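Heads up: the structure comes next, in structure tokens.
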Amino acid sequence: MGESIRKGISGEPVIDDAKERTKSLYPFHEMERRARKLWNEEGLFEIRDPMTAERPFYCLNMFPYPSGDLHVGHGRNYILGDVVTRLKRMQGHSVLTPMGWDAFGLPAENAAIEHKIHPATWTRRNIARMKEQLVSWGLAYDWNREIASCDPTYYRWTQWLFLKLYERGLAYRAKGTVNWCPSCNTVLANEQVVDGKCERCGTAVETRDLEQWYFKITAYAEPLLRDLDQLVHWPEKVRVMQTNWIGRSEGATIRFPVSGSKESIEVFTTRPDTLLGATYVVLAAEHPLISQLKERGAFPRQAADLVERLRRARLGDRFGVETEKEGAPAGIEAVHPLTGAKIPIWVANYVLMGYGTGAIMAVPAHDQRDFEFAKKYKLPIVEVVRGPDGAFDGRAAYEGEGTLVNSGAFDGLPSPEGKRAIIGALEAKSAGEASVHYRLRDWLISRQRYWGAPIPMVTCERCGVQPVPESDLPVLLPDQVEFKPTGESPLRTNEAFLNTSCPKCGGPARRESDTMDTFVDSSWYFLRFLSPKSDRVAFDSAAVNRWLPVNQYIGGVEHAILHLLYSRFMVKVLRDMGLISFSEPFERLFTQGMITKNGVKMSKSKRNTVAPDDLIQRYGTDTVRLYTLFIGPPEKDAEWNDRGVEGAYRFLQRYWKLVEDVAAARDARAARTGGKHPAWSSTGARRELRRRVHQLTAQMLADMDRLHLNTAVSGMMQLVNALQEYLDGGGDRTDPEVQEGMNIGTRLLAPLAPHTAEGAWALLGGSGSIFTAGWPEASREALERDKVTLVVQVNGKVRSSIEVPAGADRAVIEAAALADPKVRSYASGKTVAQVILVPGRLVNVVVP
RNA sequence: GCCCGGGUGGCGGAAUGGCAGACGCAGGGGACUUAAAAUCCCCUGGGGUGUAAACCCCAUGCAGGUUCGAGCCCUGCCCCGGGCACCA
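The first sequence maps to residues 7 to 854 in the numbering used here.
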């Protein structure tokens with residue numbers, strides 16, 4: 007930032023000079039102070055009683071993790087939300103605009119390890135610092151409703167939710183192969199593993215077999231998928247991502263008996279029509295049948311070696327399309343459920359335990375993966391589906407649909423009928439049935455870390471795993487623990503915490519020492535804001551039902567799956583418990599793009615962050631807000647440019663000068679005339695100015711509604727330019743069109759640059775806060791014009807323009823267009839084939 | 001590989017199928033000033049015709065198409081960003 011400070015002749019910065027000068031020119035510091043005081047005193051953005059506040063509108067920004075300093079990229083998110091808040095407030099809504107802190111999480115704990123500072127201290131300090139920054143952006147939050155997820159008054163209810171899910175069988179403990187991040191020293195949910203790496207720190211994820219707590223989100227796979235259709239105000243992109251993540255596949259579950267045993271192998275396939283082409287069966291390395299075979303000593307050495315190797319391999323190395331397919335015979339055979347033929351069973355690296363049943367039927371003629379594998383290990387390939395391009399060529403699998411062949415009684419059926427017929431045949435033999443599988447896995451919520459909500463469960467020697475009674479909540483995080491990066495839960499270092507008594511029998515018991523994934527905290531916080539201090543309930547159902555779904559939710563697209571999916575899940579669970587009456591938490595979602603510097607995302611580690619503090623000090627809050635909004639379409643990424651900030655500053659100065667001029671002239675006139683409102687002019691420049699003001703009013707409302715705030719700022723600039731040009735052209739500052747233009751313009755500016763607009767409002771003689779002044783509406787009468795200019799095209803090329811009366815009919819316009827000298831020069835000697843007329847816009851004369 | 005976005009001046013970007021480049025930044029010229037800063041005014045996609053007023057041609061990644069008219073719609077291709085990816 008230092009480079010951008012202007013240098014004086016001597017090379018010394020001239021900031022102090024500039025500050026002095028600007029103080030008189032555009033007194034932003036003073037205005038900021040006064041405006042904030044006014045808003046606080048009036049409580050304009052506070053909801054006193056959620057049940058009686060009129061026309062509720064809930065505008066929410068994703069609450070931040072208190073990592074320390076905010077940069078201008080974060081600001082974009084909050085400023086966007088603030089514009090919506092202020093606009094809705096001006097439109098007469100009671101706006102709920104709360105803020106809180108997603109305050110549990112790893113960085114605090116890592117700070118504890120590195121700097122010997124308690125996570126709570128570190129977090130509190132960051133919250134204080136970040137709150138200061140949010141305030142300096144002029145954001146209108148109802149701070150009476152502030153919450154922090156690390157506060158026992160909050161996490162008590164996170165624990166309560168856990169118990170509710172447990173009661174309903176939606177929280178369960180299970181042993182399984184889980185993702186483990188060796189750097190964060192904890193397990194991760196599937197959603198937190200990206201490309202085999204930890205979503206947070208980028209370390210390659212390993213697998214471990216552990217007993218962990220899960221939330222049964224898969225029980226809601228279908229509603230989570232189906233209800234995406236309702237979310238018409240969500241970005242298409244996010245809905246697509248969630249659809250892919252849930253990953254619904256329709257097909258059939260088929261059981262292949264194991265030859266000479268009572269066992270059978272269950273497989274899932276989306277292509278039951280290819281069943282007759284199944285020439286072998288493949289098991290994943292972790293398939294339970296393998297350990298049984300091992301126990302019996304019936305598992306070939308070669309296969310056992312492969313399984314061992316795969317289990318040790320890192321997740322990222324093991325899977326991927328580039329990985330060479332590898333397998334070994336499992337030493338047993340399966341019986342084809344329809345033909346009775348014996349086919350070999352293999353173990354291979356290309357089948358995953360985490361999807362379907364962990365076993366597949368291989369149809370090499372119609373699945374490229376099976377095809378490659380069959381080629382490599384010389385397994386039989388049988389064509390059973392014939393596509394439109396003729397018979398299977400033996401070079402690659404044919405994966406499309408077609409007509410069944412080599413399928414006995416099913417020959418000649420098209421694939422869809424074939425699927426139904428084969429499923430029917432399987433059902434008749436109880437060998438299979440139609441089924442649906444999802445890619446979505448259950449949500450692993452245990453974390454072997456300290457700074458999170460303790461899982462409220464105990465293990466009794468006699469009664470087993472028992473929930474902590476609701477009345478005993480919260481299970482408090484003890485202060486005294488050792489922070490060591492050992493991979494063991496730090497809570498295990500506190501014996502007093504661990505040792506407890508069984509809620510059922512009173513005997514000795516041990517507390518669960520893991521804490522919950524912080525995404526549990528954030529999956530319900532939007533409900534808490536309606537009753538942030540309640541020690542009676544997690545959330546006030548009546549108030550929540552009145553205010554939710556959140557009308558406008560704003561945040562980064564990086565939460566497209568994690569937070570947004572979990573929140574949707576939680577809301578559906580709470581609905582099914584009868585605690586809330588809606589099914590989706592967020593009606594409208596807006597995902598803003600990030601701000602880059604030198605082409606890359608701003609981050610502390612890249613040392614390319616732009617801090618708001620200096621800029622706000624030097625140019626004022628509203629300058630920074632305006633530039634941040636103007637930088638580009640809010641859903642797209644944008645490059646920060648310090649020179650652009652100066653442009654916004656120049657604009658506000660020009661605007662302010664105009665306010666002072668117009669206000670002074672108005673006062674002078676009022677003194678002369680006793681404040682009588684003069685009449686509108688119906689002609690000329692005055693009329694045109696008024697039309698322009700109202701036209702921009704309409705445009706800016708449309709822009710703001712769509713959150714196209716870059717063009718809204720542009721519209722504001724045009725409005726000021728129009729007024730300035732009118733005055734420069736000899737217009738009178740006391741003309742009612744000018745006075746009205748300033749009045750309307752100032753209200754239009756208010757959501758964007760609230761402090762400046764508030765200051766201007768006072769100067770222009772407005773009463774009270776501008777945010778109670780109402781939103782200006784474009785007057786239909788002002789928008790009317792008596793003459794319109796039409797573009798005249800010949801064969802689609804612009805050649806001229808004509809002016810016609812506004813209501814002119816077709817014949818008049820055509821005649822005027824054809825009479826135009828330019829048109830005549832292009833059309834002379836030719837017959838006019840057609841005249842296209844677009845009312846109010848253009849005439850196109852078509853000649854051969 | 002599949003699924004989304006996106007490609008427009010020197011830059012950020014505007015444009016319900018109807019005057020491409022609004023608005024701003026940067027740049028050039030001028031006014032003010034002893035000078036600079038700040039401010040204000042004018043110019044600013046490329047090429048061409050004209051003394052001038054004016055006028056013409058080209059131009060929204062590339063190639064086609066639909067249309068009276070395409071940055072916008074359709075087909076194919078290239079490039080950039082994001083998501084998913086042995087998902088059975």
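Using N, Cα and C, we set each Cβ at its ideal position, and we do this for glycine too. All of these numbers come straight from a predicted model, not from anything done at the bench.
For residue i, the three-state DSSP class (helix, strand or coil)
{"i": "Met490", "result": "The amino acid occupying residue 490 in the given sequence is Lys; Met does not appear at that position. If DSSP states are grouped into helix, strand and coil, Lys490 belongs with coil."}
{"i": "Val390", "result": "coil"}
{"i": "Trp149", "result": "helix"}
{"i": "Lys268", "result": "coil"}
{"i": "Trp352", "result": "strand"}
{"i": "Lys384", "result": "coil"}
{"i": "Pro854", "result": "coil"}
{"i": "Met57", "result": "coil"}
{"i": "Thr884", "result": "The question about residue 884 has no answer here: the residues shown for the chain are numbered 7 through 854."}
{"i": "Pro294", "result": "helix"}
{"i": "Phe69", "result": "coil"}
{"i": "Tyr661", "result": "helix"}
{"i": "Pro920", "result": "A question about residue 920 goes unanswered here, because the residues of the chain that appear run from 7 up to 854."}
{"i": "Phe262", "result": "strand"}
{"i": "Lys539", "result": "coil"}
{"i": "Met359", "result": "coil"}
{"i": "Arg277", "result": "coil"}
Inter-residue spacing [alpha-carbon to alpha-carbon] between residue i and residue j
{"i": "Ile271", "j": "Ser265", "result": "10 Å"}
{"i": "Glu518", "j": "Asp478", "result": "15 Å"}
{"i": "Asp619", "j": "Asp648", "result": "14 Å"}
{"i": "Cys4", "j": "His761", "result": "Absent from the model: residue 4. The displayed extent of the chain is 7 to 854, so no value can be given."}
{"i": "Pro509", "j": "Asp527", "result": "25 Å"}
{"i": "Lys243", "j": "Tyr732", "result": "45 Å"}
{"i": "Tyr220", "j": "Met576", "result": "13 Å"}
{"i": "Thr740", "j": "Ala728", "result": "16 Å"}
{"i": "Ile296", "j": "Thr602", "result": "51 Å"}
{"i": "Arg302", "j": "Ala336", "result": "13 Å"}
{"i": "Val501", "j": "Ser507", "result": "Rather than Val, the amino acid found at residue 501 in this sequence is Glu. Glu501 and Ser507: Cα-Cα distance of roughly 13 Å."}
{"i": "Val797", "j": "Val719", "result": "28 Å"}
{"i": "Glu764", "j": "Val141", "result": "17 Å"}
{"i": "Phe532", "j": "Thr634", "result": "26 Å"}
Rounded Cβ spacing between residue i and residue j (contact assumed at less than 8 Å)
{"i": "Tyr456", "j": "Phe525", "result": "Actually they do not touch by this definition, with Cβ atoms about 17 Å apart."}
{"i": "Trp646", "j": "Leu167", "result": "The pair is not a contact, with the Cβ atoms about 40 Å apart (cut-off 8 Å)."}
{"i": "Val357", "j": "Gly346", "result": "Going by Cβ atoms, the distance from Val357 to Gly346 rounds to 24 Å, so no, they are not a contact pair."}
{"i": "Pro757", "j": "Val89", "result": "5 Å"}
{"i": "Met748", "j": "Phe657", "result": "About 15 Å; that fails the 8 Å criterion."}
{"i": "Thr627", "j": "Trp143", "result": "6 Å"}
{"i": "Val388", "j": "Thr285", "result": "6 Å"}
{"i": "Leu446", "j": "Thr224", "result": "6 Å"}
{"i": "Pro62", "j": "Trp553", "result": "5 Å"}
Host beta strand (DSSP E) of residue i (start-end)
{"i": "Gln840", "result": "840-844"}
{"i": "Val794", "result": "793-800"}
{"i": "Ala368", "result": "365-368"}
{"i": "Gly690", "result": "Counting along the chain, Gly690 falls outside any beta strand (DSSP E), though it belongs to the alpha helix (DSSP H) covering 690-711."}
{"i": "Tyr444", "result": "438-444"}
Proximity of residue i and residue j at Cβ, strictly below 8 Å
{"i": "Asn83", "j": "Gly561", "result": "yes"}
{"i": "Val193", "j": "Leu216", "result": "yes"}
{"i": "Pro104", "j": "Phe535", "result": "yes"}
{"i": "Ile333", "j": "Ala304", "result": "It is Gly, not Ile, that sits at residue 333 in the sequence shown. Contact flag unset, no."}
{"i": "Ile123", "j": "Pro278", "result": "no"}
{"i": "His77", "j": "Met600", "result": "no"}
Residue i, enclosing alpha helix (DSSP H) - first and last residue
{"i": "Val550", "result": "547-553"}
{"i": "Val526", "result": "524-527"}
{"i": "Val829", "result": "827-833"}
{"i": "Gln139", "result": "125-142"}
{"i": "Glu787", "result": "786-789"}
{"i": "Asp215", "result": "Per DSSP, Asp215 belongs to no alpha helix (DSSP H); it is in the beta strand (DSSP E), 212-221."}
{"i": "Ala763", "result": "760-769"}
Residue i CB to nearest heavy atom of the ligand FMN below 7 Å
{"i": "His372", "result": "The ligand content of the structure shown is nil, which means the ligand FMN is not present either."}
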